[in-house]
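Undergrad:
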Amino acid sequence: MGSNNMRHVTEAAGGIIYRWKAVESPAAEQHSTREQSQPNESLSTADAQALSDSSHNVLSQIELCVVHRPKYDDWSWPKGKLDPNESHRHAAVREMGEESGLPVALGAYLGEVTYPISEEGAKHRHTKNISEDGKHVLFWMAHPISAVDNLHRTHAFGPVHRADEGEIDQVLWLTPLEARKKLTHSTDKDILALFVDRVQEGALNAQPVIIVRHGKAEARKMWKGTDANRPITPRGAAAAYALNPELACFNPIRLATSPWIRCQQTLETFAWETNSEMVMLNELTEDAFAANPEAAWECTLSEIDFALEREQGTVICMHRPVIGGMFEHLRNMCRPAALGKRLIAKTPFMPTGTAVALFVVSTPDGPEIIDIQKVQPLVY
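My numbering applies: residue 113 is where the sequence shown begins, and numbers increase by one.
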């Protein structure tokens with residue numbers, strides 16, 4: 113990641129936390145009114161039109177979290193450096209939680225920026241032809257989750273400690289139009305433009321449906337029992353355990369799986385850590401899929417519909433051949449169609465012990481996928 117010309121790259125992650133205005137506090141309402149009364153002279157005509165508040169614009173119904181860093185005296189999106197043995201995804205959720213004071217779950221991916229560390233507090237950052245030490249930041253959409261959901265996922269995700277005032281001394285919730293005026297850095301405004309694009313795709317209402325391939329299992333030719341009872345190996349168990357904090361970033365509520373033991377074992381510790389039950393989907397075993405692939409797809413589609421109806425994230429653990437069959441259908445749901453190329457068409461489709469997070473939206477023509485994120489556990 114980052115430019116090969118740079119001497120050293122510091123990896124970081126964060127995002128744009130959004131909330132619906134209906135949940136704002138009276139103090140936030142008063143602040144929002146003051147901000148709206150300020151002139152918009154800093155906005156170009158195009159920006160003002162794209163972010164304009166109107167009753168017909170969903171952007172007028174949400175607020176975004178911006179934070180003030182006293183060290184640089186700047187306003188930016190909550191973000192921070194990766195800890196050792198931490199993924200960008202996990203760092204984004206942790207840092208947004210630390211700096212905003214709210215537990216959050218990830219939504220659609222937004223983009224990345226790279227700039228010289230020497231320009232950390234600068235209004236305009238040079239993002240091309242960097243020859244000095246740089247910072248590489250990945251950004252996601254994110255939304256607050258309930259205290260109950262946060263409690264349930266704590267063991268899987270790990271601790272989050274509120275940032276001290278020396279790091280973050282002010283947190284504001286602003287409309288997208290207000291946020292663009294408040295942000296110090298050009299790169300943060302670029303990320304806001306990507307956020308607006310995602311909103312127009314329907315991402316504010318997208319739900320994560322996460323397909324997991326079970327962890328590495330004992331070899332078929334070495335296993336003496338039935339295929340349904342073939343377990344994961346210690347290496348497979350390590351990957352399954354390492355997947356837990358990554359899955360927790362999306363705050364999935366429903367856990368579904370093929371009832372065969374290797375799939376159950378892959379989600380077992382996550383279910384235990386989050387105090388969740390696993391739902392058995394008999395149609396998704398290898399034998400059931402071979403006998404009736406259409407029934408397997410109907411089962412998966414019903415899980416997608418259920419996630420959209422309940423507005424809750426879902427994890428589904430499957431076998432390699434079943435994943436290949438599901439990908440054939442899921443590629444047709446991708447918008448734009450080129451997004452479907454991330455759902456590999458050739459076996460093994462995805463490595464054991466990994467996942468893909470599909471962000472699905474409801475449309476008059478049925479569910480559509482607007483974002484796909486590969487989820488790779490860090491085993492160390």
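All residues carry an ideal CB built from backbone N, CA and C; glycine is no exception.
Determine the extent of the beta strand (DSSP E) in which Gly-213 is found, giving its start and end residues.
TA: Here Gly-213 belongs to no beta strand (DSSP E), and DSSP marks it neither H nor E.
Undergrad: Mark Glu-423 as exposed unless 16 or more other C-beta atoms lie within 10 angstroms of its C-beta, in which case mark it buried.
TA: exposed
Undergrad: In the DSSP assignment, find the unbroken beta strand (DSSP E) run with Met-430 in it and report its ends.
TA: 425-430
Undergrad: Going by DSSP, name the residue or residues bridged to Lys-294.
TA: Answer is none; Lys-294 lacks a bridge partner.
Undergrad: Is it right to say Asn-356 is buried, meaning 16 or more other beta carbons lie within 10 angstroms of its own, or is it exposed?
TA: buried
Undergrad: Within 10 angstroms of its Cβ, does His-120 collect 16 or more other Cβ (buried), or is it exposed?
TA: exposed
Undergrad: Can you give the Cα-Cα distance for Trp-132 and Ala-400, rounded to whole angstroms?
TA: 43 Å
Undergrad: When DSSP labels each residue in this structure, what does Gln-319 get in the three-state scheme?
TA: strand
Undergrad: Please say whether Gln-488 and Val-468 have beta carbons closer to each other than 8 Å?
TA: no
Undergrad: What residue from Glu-380, Glu-440 and Ala-383 has the CA that sits closest to Trp-409's CA?
TA: Cα-wise, what sits closest to Trp-409 is Glu-440.
Undergrad: Provide the residue span of the beta strand (DSSP E) that contains Phe-251, from first to last.
TA: 246-256
Undergrad: Nearest CA to the CA of Ile-482: which residue from Gly-314, Arg-206, Glu-389 and Asn-394?
TA: Cα-wise, what sits closest to Ile-482 is Gly-314.
Undergrad: By the DSSP assignment, the alpha helix (DSSP H) with Trp-384 in it spans what residues?
TA: The continuous alpha helix (DSSP H) containing Trp-384 extends over residues 373-385.
Undergrad: Is DSSP giving Val-491 helix, strand or coil here?
TA: coil
Undergrad: How close, in whole Å, do the beta carbons of His-431 and Glu-385 come, if the pair is a contact with beta carbons under 8 Å?
TA: Taking C-beta atoms under 8 Å as the contact rule, His-431 and Glu-385 fail to qualify, at a distance of about 23 Å.
Undergrad: Assign Val-170 to one of three DSSP states: helix, strand, or coil.
TA: helix
Undergrad: Please list, in chain order, all residues of the same chain as Met-445 whose beta carbon is under 7 Å from its beta carbon, the five residues on each side excluded.
TA: Pro-479, Glu-480 and Ile-481
Undergrad: Buried or exposed for Val-260, please, with buried defined as at least 16 other CB atoms from any protein chain shown within 10 angstroms of its CB.
TA: exposed
Undergrad: Report yes or no: do three or more beta-carbon pairs, one from the region 345-354 and one from the region 447-458, lie closer than 8 Å?
TA: no
Undergrad: Are the CB atoms of Asn-394 and Ile-373 within a distance shorter than 8 Å?
TA: no
Undergrad: Contact between the region 277-284 and the region 205-217 is defined here as three or more beta-carbon pairs at a separation below 8 Å; is this criterion met?
TA: yes
Undergrad: On the DSSP bridge assignment, give the partners of Trp-285 in chain order.
TA: Cys-177
Undergrad: Check for me: the beta strand (DSSP E) holding Asp-185 runs from which residue to which?
TA: Note, Asp-185: premise wrong, no beta strand (DSSP E); not H, not E.
Undergrad: What does DSSP give as the partner residue(s) for Thr-475 in the beta ladder?
TA: For Thr-475, which the question treats as bridged, DSSP gives the partners Gly-478.
Undergrad: If you run the structure through DSSP and keep just helix, strand and coil, what is Val-272?
TA: coil
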